[in-house]
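Numbering (my numbering), first residue to last: 83 to 580.
Built from N, CA and C at the ideal position, the CB exists for glycine as well.
Following: one structure in structure tokens, then a few remarks.
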């Protein structure tokens, strides 16, 4: 399979997987109380942090060392690394268990102390299972990853829903999820142990010192980035109970597409920018970044304005009226889409200036921690935390743009098409204002969402074409995407003259 085809398959797979993960929230809120759901989210928060921090970057070493060792010679390395990861997971689990009472007090949730064994089990299993994608991609088996990811998501979803629907409660949910994760981890580990035994030991195996030398800087950056992405969640947990935390978390979240697009863009631009950097083509890098900013704004700004208007219907439809207090949090949080330039850190990857990436991650941690705490104290409500998060992200992203412009030796206005962004924002806000009366329609929420989104999309697309907000390149891309999902016979008729 061609690289482009693998990328398309992987993107589709990740989109489906993200959708399956996303629907878990709307299901859980209908069976758990706010306090129980908040506890579930806190357990997930702790597990994610430890799974990111405990491996100290070892999980990322597969992508570097497996291709270097070559086909059939890397199995010993994979088994050794998985064993090390399991050991680090056990250490993390023990740390959680030993500090369980402190953890419960710190996060205002005594249930966390009782759930410490389950948290430990989730850590050990997840730390192994979540390496599947990295290992298989390092073996250039992208099509297999595209197949496995949705299967794993379905299995985890079933492992959570079956105990939930049978009345097993929150502990049953964690038992079911642990069972699914340990099954995944066992299959992965067992497969590579089998492959290792069926191949002769590799005499050119990687020394531990070399592996840790490579991993430690990456591990440090991952820890800082992980903290930066969740520090506001920890701040809210320490100042409010689990029910209030659930309300905050159901407002401060990224829509699936919003999270996927920048990550995909980073992955696509990184290798191209590295080549262009060493070829001395900095102007081309700047041009591509400028065009990327303009095109993402054409997607993000309409989504931002539409979701701002339909926020109440979106939140209460997804999470029931019990989470109507999440609406103000959500409205503030979506404003981050206005400044979507965080992926410009790809410039530092291209130039090899990885220290700058670490500085950016550290800056975000400090700003989020300070601003979210300050605004929480000033306002005394959870909206204060999200205001701090948005301001911190805006400042961090503006800093990234400034540093990227210096790295490329160009002005900020060369990277950011301010006039285009302003026109797209004005168009998006105008269309949102035009369809706003739909929220007063006395109809089911799902019908309001469909009607509002359809009307917005129709008006925006027509206006974008009429006002020439779309370039010829944009139109070509749109037609190519349509051709992927439209029957070929229809497209042939579309191209034939009448």
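Subject >> Alpha-carbon spacing of residue 421 relative to residue 287, whole angstroms >> reply: Position 339 of the chain shown, counting from 1, holds the residue named residue 421. Position 205 of the chain shown, counting from 1, holds the residue named residue 287. One C-alpha to the other measures close to 45 angstroms.
**OP:** Quick one: which unbroken alpha helix (DSSP H) runs of 4-plus residues sit fully inside the segment 189 to 227? Chain order, please.
**Re:** 193 to 196, 198 to 211 and 214 to 220
Original post:
Can you tell me where the alpha helix (DSSP H) with residue 330 in it begins and where it stops?
Top reply: Your numbering for residue 330 matches position 248 in the chain shown. Per DSSP, residue 330 belongs to the alpha helix (DSSP H) from 324 to 331.
Subject >> DSSP state of residue 523 mapped onto helix, strand, coil >> reply: What you label residue 523 is simply residue 441 of the chain shown in a count that begins at 1. Of the three classes helix, strand and coil, the one that applies to residue 523 here is coil, per DSSP.
Subject >> Contact under 8 angstroms by Cβ, residue 317 with residue 407 >> reply: Numbered from its first residue, the chain shown carries residue 317 at position 235. Numbered from its first residue, the chain shown carries residue 407 at position 325. Between residue 317 and residue 407, the C-beta gap is not smaller than 8 angstroms, which leaves the two residues out of contact.
Original post:
Looking only at its own chain, which residues have a Cβ that is under 6 angstroms from the Cβ of residue 190, when we skip the five neighbours before and after it?
Top reply: By 1-based counting over the chain shown, the position of residue 190 is 108. Taken in chain order, the residues that qualify are 323.
Subject >> Proximity of residue 237 and residue 203 at Cβ, strictly below 8 angstroms >> reply: Taking the chain shown and counting its residues from 1, one reaches residue 237 at position 155. Taking the chain shown and counting its residues from 1, one reaches residue 203 at position 121. No, Cβ-Cβ distance for residue 237 and residue 203 is not below 8 angstroms.
Original post:
Any chance the segment 118 to 126 sits against the segment 326 to 343, with 3 or more Cβ pairs inside 8 angstroms?
Top reply: They touch, by the three-pair rule.
**OP:** Drop a sphere of 10 angstroms on the beta-carbon of residue 96, count the other beta-carbons inside from all chains shown, and report buried for 16 or more, exposed for fewer.
**Re:** Locating residue 96 in the chain shown gives position 14, where the first residue counts as 1. Buried, since its Cβ has 16 or more Cβ neighbours within 10 Å.
Original post:
How would you call residue 145, buried or exposed, if buried means at least 16 neighbouring beta carbons within 10 angstroms?
Top reply: Here residue 145 corresponds to residue number 63 of the chain shown, with the count starting at 1. Exposed is the call here.
Original post:
For residue 175, which residues of its own chain have a beta-carbon under 6 angstroms away from its beta-carbon, when the five flanking residues on both sides are left out?
Top reply: Counting from 1 along the chain shown, the entry for residue 175 is found at position 93. Counting only Cβ-Cβ distances below 6 angstroms, and skipping sequence neighbours, we find 202, 205 and 206.
Original post:
How would you call residue 213, buried or exposed, if buried means at least 16 neighbouring beta carbons within 10 angstroms?
Top reply: As a first step, residue 213 is located in the chain shown; it is residue number 131 there, counting from the start. Answer is buried; the Cβ neighbour count reaches 16.
Original post:
Do residue 186 and residue 192 have their CB atoms nearer than 8 angstroms?
Top reply: Position 104 of the chain shown, counted from the start, is the residue given in the question as residue 186. Position 110 of the chain shown, counted from the start, is the residue given in the question as residue 192. A contact, by the Cβ cut-off of 8 angstroms.
Original post:
Is the CB-CB distance between residue 541 and residue 513 below 8 angstroms?
Top reply: Position 459 of the chain shown holds residue 541. Position 431 of the chain shown holds residue 513. In contact: residue 541 and residue 513 (Cβ atoms closer than 8 angstroms).
Subject >> Residue from 532, 385 and 92 with nearest C-alpha to residue 228 >> reply: As a working note, residue 228 is residue 146 in the chain shown. For residue 228, the nearest C-alpha among the options comes from 92.
**OP:** Can you have a look at residue 359 and say buried or exposed, based on whether 16 or more other CB atoms are within 10 angstroms of its CB?
**Re:** The residue labelled residue 359 in the question sits at position 277 within the chain shown. It is buried - the Cβ of residue 359 has at least 16 other Cβ atoms within 10 Å.
Original post:
Do you know offhand how far residue 430's Cα is from residue 244's?
Top reply: As a first step, residue 430 must be located in the chain shown, where it is residue number 348. As a first step, residue 244 must be located in the chain shown, where it is residue number 162. In a straight line, the C-alpha of residue 430 is about 46 angstroms away from that of residue 244.
**OP:** Please confirm whether residue 539 and residue 450 have their CB atoms less than 8 angstroms apart.
**Re:** Within the chain shown, residue 539 is the residue found at index 457, counting from 1. Within the chain shown, residue 450 is the residue found at index 368, counting from 1. The criterion of a C-beta distance shorter than 8 angstroms is not satisfied by residue 539 and residue 450.
Original post:
Hey, residue 472 and residue 414: beta-carbon distance below 8 angstroms or not?
Top reply: Start at 1 with the first residue of the chain shown, and residue 472 comes out as number 390. Start at 1 with the first residue of the chain shown, and residue 414 comes out as number 332. A distance below 8 angstroms separates the beta carbons of residue 472 and residue 414.
Subject >> Separation of residue 298 from residue 148, as counted between CA atoms >> reply: One-based indexing of the chain shown puts residue 148 at position 66. One-based indexing of the chain shown puts residue 298 at position 216. If you take the alpha carbons of residue 148 and residue 298, they lie about 18 angstroms apart.
Subject >> Best match in 197, 425, 255 and 442 for proximity to residue 303 [C-alpha to C-alpha] >> reply: As a working note, residue 303 is residue 221 in the chain shown. Considering only alpha carbons, the answer is 442.
**OP:** Buried or exposed for residue 488, please, with buried defined as at least 16 other CB atoms from any protein chain shown within 10 angstroms of its CB.
**Re:** Counting from one through the chain shown, the residue named residue 488 turns up at place 406. Exposed, since its Cβ has fewer than 16 Cβ neighbours within 10 Å.
**OP:** Express the C-alpha separation of residue 158 and residue 285 in angstroms, rounding to a whole number.
**Re:** For the purposes of this step, residue 285 is identified with residue 203 of the chain shown, where counting begins at 1. For the purposes of this step, residue 158 is identified with residue 76 of the chain shown, where counting begins at 1. Low local confidence applies: a pLDDT of 48 at residue 285 is under 50, so the model's placement there is unreliable, with the coordinate-based value given in what follows. About 10 angstroms.
Original post:
If residue 305 and residue 444 are in contact, beta carbons under 8 angstroms, what's the gap, nearest whole angstrom?
Top reply: Here residue 305 corresponds to residue number 223 of the chain shown, with the count starting at 1. Here residue 444 corresponds to residue number 362 of the chain shown, with the count starting at 1. That pair is no contact at about 10 angstroms.
Original post:
Start and end of the alpha helix (DSSP H) containing residue 373?
Top reply: In the chain shown, the residue the question calls residue 373 occupies position 291. That run of the alpha helix (DSSP H) goes 364 to 391.
Original post:
Do residue 208 and residue 99 have their CB atoms nearer than 8 angstroms?
Top reply: What you label residue 208 is simply residue 126 of the chain shown in a count that begins at 1. What you label residue 99 is simply residue 17 of the chain shown in a count that begins at 1. Judged by their CB atoms, residue 208 and residue 99 are not nearer to each other than the 8 angstroms cut-off.
Original post:
With DSSP run on the structure shown, which of helix, strand or coil describes residue 294?
Top reply: Reading the chain shown from its first residue, position 212 is the one you call residue 294. Residue state, collapsed to three classes: helix.
**OP:** Look at residue 392 and residue 534 and say whether their C-beta atoms are less than 8 angstroms apart.
**Re:** Position 310 of the chain shown, counted from the start, is the residue given in the question as residue 392. Position 452 of the chain shown, counted from the start, is the residue given in the question as residue 534. Closer than 8 angstroms, so yes.
Subject >> Beta-carbon proximity list for residue 251, same chain, < 6 angstroms, skipping 5 on both sides >> reply: The residue given as residue 251 occupies position 169 in the chain shown. Only residues of its own chain outside the window of five on either side were considered, and among them none has a CB closer than 6 angstroms to the CB of residue 251.
Subject >> Rounded separation between residue 490 and residue 343 - CA only >> reply: Position 408 of the chain shown holds residue 490. Position 261 of the chain shown holds residue 343. Approximately 23 angstroms, taken between the alpha carbons.
Original post:
Going along the chain, which unbroken runs of the alpha helix (DSSP H) with 4 or more residues stay wholly within the segment 393 to 422?
Top reply: Those alpha helix (DSSP H) runs which fall completely within the segment 393 to 422 and span 4+ residues are 393 to 401 and 409 to 415.
Original post:
Going by alpha carbons, who is nearest to residue 466 out of 529, 171, 161 and 315?
Top reply: Counted from its first residue, the chain shown places residue 466 at position 384. With distances taken between Cα atoms, residue 466 lies closest to 315.
Original post:
If you draw a straight line from the C-alpha of residue 137 to the C-alpha of residue 165, how long is it?
Top reply: Locating residue 137 in the chain shown gives position 55, where the first residue counts as 1. Locating residue 165 in the chain shown gives position 83, where the first residue counts as 1. Rounded to whole angstroms, residue 137 to residue 165 spans 11 angstroms at the Cα level.
Original post:
Based on Cα-Cα distance, which residue from 249, 546 and 156 lies nearest to residue 278?
Top reply: Reading the chain shown from its first residue, position 196 is the one you call residue 278. If we check each option's Cα against that of residue 278, 156 comes out closest.
**OP:** Name the residue from 525, 403 and 370 whose alpha carbon lies nearest to the alpha carbon of residue 497.
**Re:** Residue 497 sits at position 415 when you count from the first residue of the chain shown. With distances taken between Cα atoms, residue 497 lies closest to 370.
Original post:
Where does residue 489 fall in DSSP's three states?
Top reply: Counting from 1 along the chain shown, the entry for residue 489 is found at position 407. Three-state result, residue 489: helix.
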